[in-house]
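Enquirer: I am attaching a structure below and will ask some questions about it afterwards.
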Amino acid sequence: MIPPSFGDFKEVNNLRTSIHILVKENPTQEITQFDIGRFGLDQNPAAVYIARLSPKSRRSQLHALNVMAGILTSGKQDAINLPWWQLRYQHTAALRNLLADQYAPATVNRMLAALRGAMKECFRLGLMNADDHAKAVDLQNVKSDSLPSGRALKKNEITALMKVCVDDDSAAGYRDAALIAIARCGLRRGEIVELTVADFDLESGGLKVRRGKGRKDRIVYLPAGWIALVAAWVNLRNQRLGNSEGALLVSVDRFDRLGSVHMADQSVLTILKRRAKQAGIEKFSPHDFRRTFISDLLDRGADIVTVQKLAGHSNPATTSRYDRRGEEVKRSAMQLLDSPY
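Residue numbering for the sequence shown follows UniProt numbering, beginning at 1 and increasing consecutively.
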């Protein structure tokens with residue numbers, strides 16, 4: 001499946017681990033050209049590609065490149081040691097088909113994005129010409145015929161969730177009420193935990209999402225009735241910690257003591273699971289809040305371009321895939337058509 005020269009290709013020994021070290025050293029920061037240069041990686045297409053990703057995307061896309069490199073070389077090469085510039089269309093097309101047989105469509109498409117990213121750096125670094133590059137990345141994404149995953153939360157479920165938090169007068173109750181209010185605005189859980197106190201504007205209810213997916217900043221707005229919930233948490237947080245800087249949402253231990261650093265994004269899942277159990281509602285994922293946000297806005301007549309911007313999507317088609325309003329909406333829409341009889 002791969003050119004014979006692949007097996008003869010050798011990099012200096014430290015390249016195999018260097019990019020892994022960089023990703024580990026910079027879990028929440030940008031990897032600069034200086035960083036990759038000090039490891040001798042500034043001419044390595046996979047390393048340059050990984051370095052330009054957001055911190056949240058590095059591990060998953062590095063893993064994707066490693067998986068594909070392993071497939072291409074029967075496990076003999078990883079992402080950093082593979083000469084991606086020697087790939088041609090026959091190799092990438094065969095790779096796409098193999099991935100489609102083994103993984104879910106969304107996973108395949110994410111891996112293909114990593115492949116295209118590494119190949120783009122091959123072209124930018126002068127390692128392959130424009131014609132070979134264009135042909136090698138001319139791959140269609142895999143379409144999915146399965147029903148959409150996830151669900152939209154019902155209004156009474158959100159009310160029940162918020163009630164168990166508001167009825168809890170501990171610091172965790174204040175924090176979790178604020179967390180749910182923020183999640184209701186459609187933020188990804190990685191974006192939720194990265195918010196700082198300075199990102200919350202009390203007057204407008206705005207939340208500044210800095211360098212979200214795709215490294216795009218955006219501002220979302222809390223519903224008027226929920227601004228006070230976030231404000232109440234901020235006041236308590238600032239009083240307890242004695243400052244108004246740093247992480248907006250912090251940990252709260254069993255003694256009701258506050259931490260001072262950003263929560264891990266896994267904590268959002270843990271908190272929501274616990275509150276869902278207390279509220280007696282069906283299990284849901286943090287991303288279901290995002291689906292609910294998009295579905296509700298569309299249901300209330302917001303145009304899809306505005307919803308796209310609020311959700312931080314690059315393409316309205318992505319936004320439409322989050323719509324979980326169900327068959328009733330389609331049935332109602334058909335009633336708008338005139339009947340000739």
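The C-beta atom is built at its ideal place from N, Cα and C for all residues, glycine as well.
1) Between Thr28 and Asn109, what straight-line distance do the alpha-carbon atoms span, to the nearest angstrom?
2) Quick check on DSSP: helix, strand or coil for Ile219?
3) Mind listing, in chain order, the continuous alpha helix (DSSP H) runs of no fewer than 4 residues lying wholly within the region 103-156?
4) Residues in the same chain with beta-carbon distance under 7 Å from Ala136, minus the five sequence neighbours each way, listed in chain order, please.
5) Spatial neighbours of Gly206 within its chain, please: CB distance less than 6 Å, with the 5 preceding and 5 following residues excluded, ordered by chain position.
6) Taking C-alpha atoms, which residue in Val209, Thr196, Ser57 and Pro286 lies nearest to Ala247?
7) From the DSSP output, in three-state form, read off Val197 for me.
8) From Trp233, His287 and Thr292, pick the residue whose C-alpha is nearest to that of Asp169; which is it?
9) Between Phe255 and Ala177, what straight-line distance do the alpha-carbon atoms span, to the nearest angstrom?
10) Just verifying my parser: in three-state terms, what is the DSSP assignment at Val209?
11) At which residues does the alpha helix (DSSP H) containing Gly70 begin and terminate?
12) My understanding is that Ala279 touches Ala160, with C-beta atoms under 8 Å, so please give their C-beta distance in whole angstroms.
13) On a CA-only basis, which of Ser260, Ile227 and Pro223 is nearest Gln239? Give me that one, please.
14) Give me the Cα-Cα distance between Leu127 and Ala113, rounded to the nearest whole angstrom.
15) Span of the alpha helix (DSSP H) holding Asn315?
16) When we look at the beta-carbon of Thr306 and count the other beta-carbons within 10 Å, is it buried (16 or more) or exposed?
Expert: This is what the structure gives:
1) On the sequence shown, residue 28 is found 28 positions in, with the first residue counted as 1. On the sequence shown, residue 109 is found 109 positions in, with the first residue counted as 1. Because Thr28 sits at a pLDDT of 45, beneath the cut-off of 50, its placement in the model cannot be relied upon, and the point is left open.
2) Here residue 219 corresponds to residue number 219 of the sequence shown, with the count starting at 1. Strand, per DSSP.
3) With a minimum length of 4 residues, the continuous alpha helix (DSSP H) runs that stay inside the region 103-156 are 105-124 and 130-136.
4) Walking along the sequence shown from the start, residue 136 turns up at place 136. Counting only residues of its own chain and dropping the five nearest sequence neighbours on each side, Ala136 has a CB closer than 7 Å to the CB of Leu87, Arg88, Tyr89, Thr92 and Met119.
5) Along the sequence shown, read from residue 1 onward, the residue named residue 206 stands at position 206. These residues qualify, in order along the chain: Ile219 and Tyr221.
6) Taking the first residue of the sequence shown as 1, we reach residue 247 at position 247. Per the Cα distances, Thr196.
7) On the sequence shown, position 197 is the one that residue 197 refers to. The answer is helix: DSSP assigns Val197 an H, G or I state.
8) The sequence position of residue 169 within the sequence shown is 169, counting from 1. Distance from the Cα of Asp169 is smallest, within the candidate group Trp233, His287 and Thr292, for Trp233.
9) By 1-based counting over the sequence shown, the position of residue 255 is 255. By 1-based counting over the sequence shown, the position of residue 177 is 177. Between Phe255 and Ala177, the C-alpha separation is close to 19 Å.
10) Taking the sequence shown and counting its residues from 1, one reaches residue 209 at position 209. If DSSP states are grouped into helix, strand and coil, Val209 belongs with the strands.
11) Reading the sequence shown from its first residue, position 70 is the one you call residue 70. From DSSP, the alpha helix (DSSP H) with Gly70 extends over Pro55 to Leu72.
12) The residue you call residue 279 lines up with position 279 of the sequence shown. The residue you call residue 160 lines up with position 160 of the sequence shown. About 4 Å separates the CB atoms of Ala279 and Ala160; that is less than 8 Å, so the two are in contact.
13) For the purposes of this step, residue 239 is taken as the residue at position 239 of the sequence shown. Distances from the alpha-carbon of Gln239 to those of Ser260, Ile227 and Pro223 put Ser260 closest.
14) The count along the sequence shown starts at 1 and reaches residue 127 at position 127. The count along the sequence shown starts at 1 and reaches residue 113 at position 113. If you draw a straight line from the Cα of Leu127 to the Cα of Ala113, it is about 19 Å long.
15) By 1-based counting over the sequence shown, the position of residue 315 is 315. Looking at the DSSP string, Asn315 is not in any alpha helix (DSSP H), and its letter there is neither H nor E.
16) Residue 306 sits at position 306 when you count from the first residue of the sequence shown. The residue in question, Thr306, is exposed, as its Cβ has fewer than 16 Cβ neighbours within 10 Å.
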